[in-house]
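Numbering (the numbering used here), first residue to last: 518 to 664.
Report on the structure given below.
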Amino acid sequence: MKLEDVIDYFKTQPLMYLATIDGDQPKVRPMALIYHKDTCWFVSIAGRKKIDEIEANNNVEFAINPHENEKLSTIRGTGKAILIDDAEIRTDLANAISWFDDFWESAEDPRFYLYKIDLAKVSVQIPVKRDIHTFHIKSGDVEIKSE
């Protein structure tokens with residue numbers, strides 16, 4: 518298993534389940550994972566509870582179940598959600614998201630919240646073998662553990 522295999526899957530804009538923290542309680546919700554220019558992103562609409570949760574604690578984790586890919590069983594990513602207000606980046610992402618116009622008027626729309634996921638690690642459980650490959654993004658280290 519290589520990290521590139523996982524990245525290739527990220528490029529499909531899969532459904533992820535994003536976990537945030539609300540006080541001492543985790544909260545999980547389905548969202549699109551957007552992989553663009555070697556970075557994981559997600560978007561939200563102003564007024565959503567997850568925005569307040571991320572402002573209070575920007576540690577996030579997501580899980581993906583790529584059931585249509587026989588090489589991947591479960592993918593988990595851990596990192597920090599960083600709110601992006603740079604106009605050029607917002608415009609670039611707005612143009613990259615095919616369904617953007619269904620929710621926002623423009624990249625300057627104040628209801629458009631764009632988050633970069635500063636990934637620390639990605640863990641992948643391999644089917645049948647039940648091995649878990651953990652890719653530490655910053656160091657490049659890979660751990661393999663068997664269940």
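Yeah, the Cβ is synthetic: ideal placement off N, Cα and C, and Gly gets one too.
From which residue to which residue does the alpha helix (DSSP H) around GLU572 run?
566-573
What do you get for LYS554, buried or exposed, if any count of 16 or more other CB atoms within 10 angstroms of its CB means buried?
The residue is exposed, with fewer than 16 neighbouring Cβ atoms inside 10 Å.
According to DSSP, what are the bridge partners of ASN576?
Answer by DSSP bridge pairing, in chain order: LYS597.
Could you give the distance in angstroms between the alpha-carbon of ILE562 and the alpha-carbon of TYR526?
Cα atoms of ILE562 and TYR526: separation of roughly 25 Å, rounded to the nearest angstrom.
Less than 8 Å between the C-beta atoms of ILE592 and VAL641, yes or no?
yes
Environment of LEU631 [buried if 16+ CB atoms lie within 10 Å]
buried
Need the endpoints of the alpha helix (DSSP H) that THR651 sits in, please.
No alpha helix (DSSP H) holds THR651; the beta strand (DSSP E) holding it covers 648-653.
How big is the Cα-Cα spacing for ASP566 and ILE614?
Here the sequence assigns Lys to residue 566, which means Asp is not the residue at that position. Straight-line Cα distance between these residues: approximately 22 Å.
Beta-carbon proximity of ILE599 to ASP635, cut-off 8 Å
yes
Distance, PRO531 Cα to GLY677 Cα
The chain is shown only over 518 to 664; residue 677 falls outside these bounds and no answer can be derived.
To which residues of the same chain is ILE661 closer than 6 Å at the C-beta, ignoring the five residues directly before and after it?
ASP648 and HIS650
Alpha carbons only, please: which of ALA637, ILE606 and THR608 is nearest the one belonging to GLY596?
Of the candidates ALA637, ILE606 and THR608, the one whose C-alpha sits nearest the C-alpha of GLY596 is ALA637.
Quick test of your reading: ILE571 and THR537, contact by CB under 8 Å. State the CB separation rounded to the nearest angstrom.
6 Å
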